[in-house]
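Notes to accompany the following structure.
2 protein chains.
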Amino acid sequence: MSDFVYHASSTAPVNIATLKYWGKRDKDLNLPTNSSISVTLSQKDLRTLTTASCSSQFTKDTLWLNGSPHSMDTPRTKQCLNDLRTYRKELEASNEKLPKLSEMNLHIVSENNFPTAAGLASSAAGFAALVSAIAKLYELPQSASDLSIIARKGSGSACRSLFGGYVAWEMGSEADGSDSKAVQVATLEHWPDMKAAILVVSDDKKDVPSTSGMQLTVQTSDLFKHRVEEVVPKRFLQMKEAILKKDFETFGELTMKDSNSFHSVCLDSYPPIFYLNDTSKRCIKLVNLLNEAAGKIVAAYTFDAGPNAVIYYLQENEEIVLGLLHKIFGKLQGWENVDTAKLSIIDGFPVNLIDESWSSGVSKVILTEVGDGPLDTDEVLVDLKTGLPKN
Amino acid sequence: MSDFVYHASSTAPVNIATLKYWGKRDKDLNLPTNSSISVTLSQKDLRTLTTASCSSQFTKDTLWLNGSPHSMDTPRTKQCLNDLRTYRKELEASNEKLPKLSEMNLHIVSENNFPTAAGLASSAAGFAALVSAIAKLYELPQSASDLSIIARKGSGSACRSLFGGYVAWEMGSEADGSDSKAVQVATLEHWPDMKAAILVVSDDKKDVPSTSGMQLTVQTSDLFKHRVEEVVPKRFLQMKEAILKKDFETFGELTMKDSNSFHSVCLDSYPPIFYLNDTSKRCIKLVNLLNEAAGKIVAAYTFDAGPNAVIYYLQENEEIVLGLLHKIFGKLQGWENVDTAKLSIIDGFPVNLIDESWSSGVSKVILTEVGDGPLDTDEVLVDLKTGLPKN
Numbered sequence: 000m001s002d003f004v005y006h007a008s009s010t011a012p013v014n015i016a017t018l019k020y021w022g023k024r025d026k027d028l029n030l031p032t033n034s035s036i037s038v039t040l041s042q043k044d045l046r047t048l049t050t051a052s053c054s055s056q057f058t059k060d061t062l063w064l065n066g067s068p069h070s071m072d073t074p075r076t077k078q079c080l081n082d083l084r085t086y087r088k089e090l091e092a093s094n095e096k097l098p099k100l101s102e103m104n105l106h107i108v109s110e111n112n113f114p115t116a117a118g119l120a121s122s123a124a125g126f127a128a129l130v131s132a133i134a135k136l137y138e139l140p141q142s143a144s145d146l147s148i149i150a151r152k153g154s155g156s157a158c159r160s161l162f163g164g165y166v167a168w169e170m171g172s173e174a175d176g177s178d179s180k181a182v183q184v185a186t187l188e189h190w191p192d193m194k195a196a197i198l199v200v201s202d203d204k205k206d207v208p209s210t211s212g213m214q215l216t217v218q219t220s221d222l223f224k225h226r227v228e229e230v231v232p233k234r235f236l237q238m239k240e241a242i243l244k245k246d247f248e249t250f251g252e253l254t255m256k257d258s259n260s261f262h263s264v265c266l267d268s269y270p271p272i273f274y275l276n277d278t279s280k281r282c283i284k285l286v287n288l289l290n291e292a293a294g295k296i297v298a299a300y301t302f303d304a305g306p307n308a309v310i311y312y313l314q315e316n317e318e319i320v321l322g323l324l325h326k327i328f329g330k331l332q333g334w335e336n337v338d339t340a341k342l343s344i345i346d347g348f349p350v351n352l353i354d355e356s357w358s359s360g361v362s363k364v365i366l367t368e369v370g371d372g373p374l375d376t377d378e379v380l381v382d383l384k385t386g387l388p389k390n
Numbered sequence: 000m001s002d003f004v005y006h007a008s009s010t011a012p013v014n015i016a017t018l019k020y021w022g023k024r025d026k027d028l029n030l031p032t033n034s035s036i037s038v039t040l041s042q043k044d045l046r047t048l049t050t051a052s053c054s055s056q057f058t059k060d061t062l063w064l065n066g067s068p069h070s071m072d073t074p075r076t077k078q079c080l081n082d083l084r085t086y087r088k089e090l091e092a093s094n095e096k097l098p099k100l101s102e103m104n105l106h107i108v109s110e111n112n113f114p115t116a117a118g119l120a121s122s123a124a125g126f127a128a129l130v131s132a133i134a135k136l137y138e139l140p141q142s143a144s145d146l147s148i149i150a151r152k153g154s155g156s157a158c159r160s161l162f163g164g165y166v167a168w169e170m171g172s173e174a175d176g177s178d179s180k181a182v183q184v185a186t187l188e189h190w191p192d193m194k195a196a197i198l199v200v201s202d203d204k205k206d207v208p209s210t211s212g213m214q215l216t217v218q219t220s221d222l223f224k225h226r227v228e229e230v231v232p233k234r235f236l237q238m239k240e241a242i243l244k245k246d247f248e249t250f251g252e253l254t255m256k257d258s259n260s261f262h263s264v265c266l267d268s269y270p271p272i273f274y275l276n277d278t279s280k281r282c283i284k285l286v287n288l289l290n291e292a293a294g295k296i297v298a299a300y301t302f303d304a305g306p307n308a309v310i311y312y313l314q315e316n317e318e319i320v321l322g323l324l325h326k327i328f329g330k331l332q333g334w335e336n337v338d339t340a341k342l343s344i345i346d347g348f349p350v351n352l353i354d355e356s357w358s359s360g361v362s363k364v365i366l367t368e369v370g371d372g373p374l375d376t377d378e379v380l381v382d383l384k385t386g387l388p389k390n
């Protein structure tokens, strides 16, 4: 390949919602029935790295994900590319010297630093990295919120991965989705001591995919409308305020209540949808017992559309939160960077309740924390001679 | 004991709600936050037999339940006895010839024909039999609905066990509970071909008792108010109509939806309450797959405050409903009275999905059907010489 290959790389984070997105008011545009809030997790532990490249020699848009070719011929991906090319065209129209990248095909190479199969919202990081890398390649002047609208069309919750720290996805009201975008509630620096322990739960059954699950809930749950119209709007304001005040007790209580509420409307669907299993339920019980022993909320669980538990806690409570988790899950992978000698079981915890069975069903622990939004990187995953993935 | 021992015996049935009672507006009077509906189950399979006796020689009110003495000194039991004695006093006041039974202490002996531990609403049958036996002993002229108000004070859902067939508990609106009573929606004879298969699920954990669970839901669930104010009142009318029309498809759909809704508000409580476990979820899946294969609703699950599945179906579909259940649970106790040669798996059922694991967690099958309300019996559990239980 003699022709020049334009390229740019970005990384993007996973985010785990503390106020859940569940339900679309427009399926094609991924417009939600309620606003949501999430914490962006550190890319040291969980991130997607994407190189976007284009060249006049490339014959079609192509994506490689973790080494395997993937179709870009899906309506959602096409919508993202189309929006990005439209912005690039505007730039090119305003400055004739710019190369006509919008007319070239794209080769995208993307890699996660965590197993996709773990059910860890990889599509959010994936679409955020895709949009960020192409926006960088195209040198687009658009803001992160503007880009979040594009990422949203790829995968709803991906819009929240365009920011670091604490992020809200404002549902908006326009029919075309032009005001349904992510905004930053608070930066990483505002409240840097938020930690997250992820308990990866093995699941033998295939869950209902979230897109079809959402639609089933919207169509059949009698409680859903009340959740989105009455419960979530209040909780949205309360949670933003708790973040701004760095009030973990309120933040944690709202987080747990919203996870419960989301799984409630899944169960109220017809036929019912279950994402929590008996292992998930033990994780909930564990957090409740810990908070009872502490006499306040020091840990808050939340569950997405799957059985994995994400437990948020503050740095100042790491000793007792990880102390308990290490006692139960200490034999699993994930403790490499923890000084376990410093951990302890909180006084008053009913340790006699805990036996071998409590660790069953959990396959792995991921210890992470609040992190940055998409980052530029010099790493290049595309072989600039062949236009194919390096590995 | 030389003195005369007055005595009378009654049996009373278990009922399993198809529209659930969950939430009290008055804890002392057991006044519910919503009306409910149930099917009374046959006493051939599940019943409490109670002998009520009284004598001037008895020194205090005493209850023996399944051979063990139990305190009658609880506020609920005392309220029941007080109400029944008040009615008896009225009778005695109007007819001087009547013996003053209201002034004598009671010896009550009660036996279930099923294990109490199975979590099968034994308190409903228990209080219904207690009230029926004493009302018979006292020769009270009150109607079954009047007596249901007394049984309700003992255990809310007990009021529905005062009738056979299809029963509604009308929540009422009076502060003293005088209009919160059971009424018969339809007799056993109106729709006699309703069957019920109970899958008794073993549970190692202690559930949240229903009284404290209800209060937690009332106090903490954001979705609960919507359930009782908007969802249940409509469903109550629809379910009564479905029973009157003998429309199993509608009845079954409403039954399943209301079970889902009840467990949703449990999960939406804070901390969340879980009564369904992974075994319960497999039972739900099984019923859904069966209905899909049948192309209509031929079976309807419902779960009370525990993991046991109760599956309602019509006699005309027994071959395919029990065919499937027998394939999975055929090794368990409970098939003694079934001609299993007549059973078959419905065409199109994905039998390949079913493996050994599907029967795990279920300990026993109870096959029963709609049945009568309380019945008089000549059986006497009290030794008339000693005033103590015969056994």
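Chains as they are written, first to last, in numbering that gives the first Met the number 0: chain L, 0 to 390; chain C, 0 to 390.
Yeah, the Cβ is synthetic: ideal placement off N, Cα and C, and Gly gets one too.
Note that this is a predicted model, so its numbers are computed, not measured.
{"Check": "Within chain C, the residues that Asn276(L) reaches when beta carbons sit closer than 7 angstroms", "Outcome": "Asp277"}
{"Check": "Proximity test, Cβ basis, 7 angstroms: Pro271(L) and chain C", "Outcome": "yes"}
{"Check": "Cβ shell of Leu161(L) (< 8 angstroms), same chain only, five flanking positions each side left out", "Outcome": "Ala11, Ala127, Val130, Ser131, Ala143, Ser144, Leu146, Ser147, Ala150, Ala181, Gly372, Pro373"}
{"Check": "Integer Cβ distance of Pro68(L) from Thr61(L), believed to fall under 8 angstroms", "Outcome": "7 angstroms"}
{"Check": "Backbone secondary structure at Met193(L) - three-state DSSP", "Outcome": "strand"}
{"Check": "Chain C residues whose Cβ lies nearer than 7 angstroms to that of Ile283(L)", "Outcome": "Pro271"}
{"Check": "Straight-line gap, Leu139(C) to Arg87(C) (C-alpha atoms, nearest Å)", "Outcome": "7 angstroms"}
{"Check": "Buried/exposed call for Gly155(C), threshold 16 Cβ in 10 Å", "Outcome": "buried"}
{"Check": "Chain-ordered neighbours of Val207(C) on chain L, where CB pairs are closer than 8 angstroms", "Outcome": "Those within 8 angstroms of Val207(C) in chain L number zero; the least Cβ separation is about 11 angstroms."}
{"Check": "Neighbouring residues, chain L, relative to His225(C) (Cβ below 7 angstroms)", "Outcome": "Leu222, His225"}
{"Check": "Any C-beta of chain C under 7 angstroms from that of Val230(L)", "Outcome": "yes"}
{"Check": "Residues that Cys53(L) bridges to, as DSSP identifies them", "Outcome": "Tyr5(L), Leu105(L)"}
{"Check": "Complete alpha helix (DSSP H) runs within the region 124-166 of chain C (minimum length 4 residues, chain order)", "Outcome": "143-153"}
{"Check": "Neighbouring residues, chain C, relative to Val264(L) (Cβ below 9 angstroms)", "Outcome": "Leu222, Ser263, Asp267"}
{"Check": "Length of the line joining the Cα atoms of Asp375(L) and Asn14(L)", "Outcome": "18 angstroms"}
{"Check": "Proximal chain L residues relative to Lys256(C), where beta-carbon distance stays under 7 angstroms", "Outcome": "Tyr269"}
{"Check": "Beta-bridge pairing of Val38(C) - partner residues as DSSP gives them", "Outcome": "Ile15(C), Tyr165(C)"}
{"Check": "Ser1(C) versus Gln42(C): straight-line alpha-carbon distance, rounded", "Outcome": "Low confidence applies here, because Ser1(C) scores a pLDDT of 44, under 50, leaving its location unreliable; read the following figure in that light. If you take the alpha carbons of Ser1(C) and Gln42(C), they lie about 35 angstroms apart."}
{"Check": "Own chain, CB closer than 8 angstroms to Asp221(C), minus 5 neighbours either side, in chain order", "Outcome": "Asp267"}
{"Check": "Collapsed DSSP secondary structure at Thr249(L) in the structure displayed", "Outcome": "helix"}
{"Check": "7 angstroms Cβ cutoff, Asn287(C) in contact with chain L", "Outcome": "yes"}
{"Check": "Exposure label - Ala167(C); buried when at least 16 CB within 10 Å", "Outcome": "buried"}
{"Check": "C-alpha distance - Ile365(C) paired with Ile197(C), whole-angstrom precision", "Outcome": "5 angstroms"}
{"Check": "Touch test, the region 279-289 of chain L against the region 223-238 of chain L, Cβ-Cβ under 8 angstroms, three pairs minimum", "Outcome": "no"}
{"Check": "Among Gly333(C), Gln314(C), Ser258(C), the one whose alpha carbon lies nearest that of Pro306(C)", "Outcome": "Ser258(C)"}
{"Check": "For Ile365(C), the residue or residues it bridges with in DSSP", "Outcome": "Ile197(C)"}
{"Check": "Neighbourhood of Trp357(C) by C-beta distance below 8 angstroms, restricted to the same chain and skipping five residues each side", "Outcome": "Arg281, Leu285, Ile327"}
{"Check": "For Tyr86(L), the three-state DSSP class (helix, strand or coil)", "Outcome": "helix"}
{"Check": "Residue environment, Asn3(L), which counts as buried when at least 16 other CB atoms sit within 10 Å", "Outcome": "The amino acid occupying residue 3(L) in the given sequence is Phe; Asn does not appear at that position. Per the 10 Å Cβ criterion, exposed."}
{"Check": "Simplified DSSP assignment, three categories, for Gln332(C)", "Outcome": "coil"}
{"Check": "Buried/exposed call for Leu380(L), threshold 16 Cβ in 10 Å", "Outcome": "buried"}
{"Check": "Sequence-distant residues of its chain with Cβ nearer than 6 angstroms to Trp21(L) (five each side left out)", "Outcome": "Met213, Phe261"}
{"Check": "Partners in chain L for Lys280(C), counting only beta-carbon separations shorter than 7 angstroms", "Outcome": "Phe273"}
{"Check": "CB of Ile405(L) within 7 angstroms of CB of Ile319(L), strictly", "Outcome": "Nothing can be reported for residue 405(L), as the shown portion of chain L is limited to 0 through 390."}
{"Check": "Alpha helix (DSSP H) segment containing Pro68(L), residue limits", "Outcome": "Premise fails: Pro68(L) lies in the beta strand (DSSP E), 67-69, not in any alpha helix (DSSP H)."}
{"Check": "Any C-beta of chain C under 7 angstroms from that of Ser260(L)", "Outcome": "yes"}
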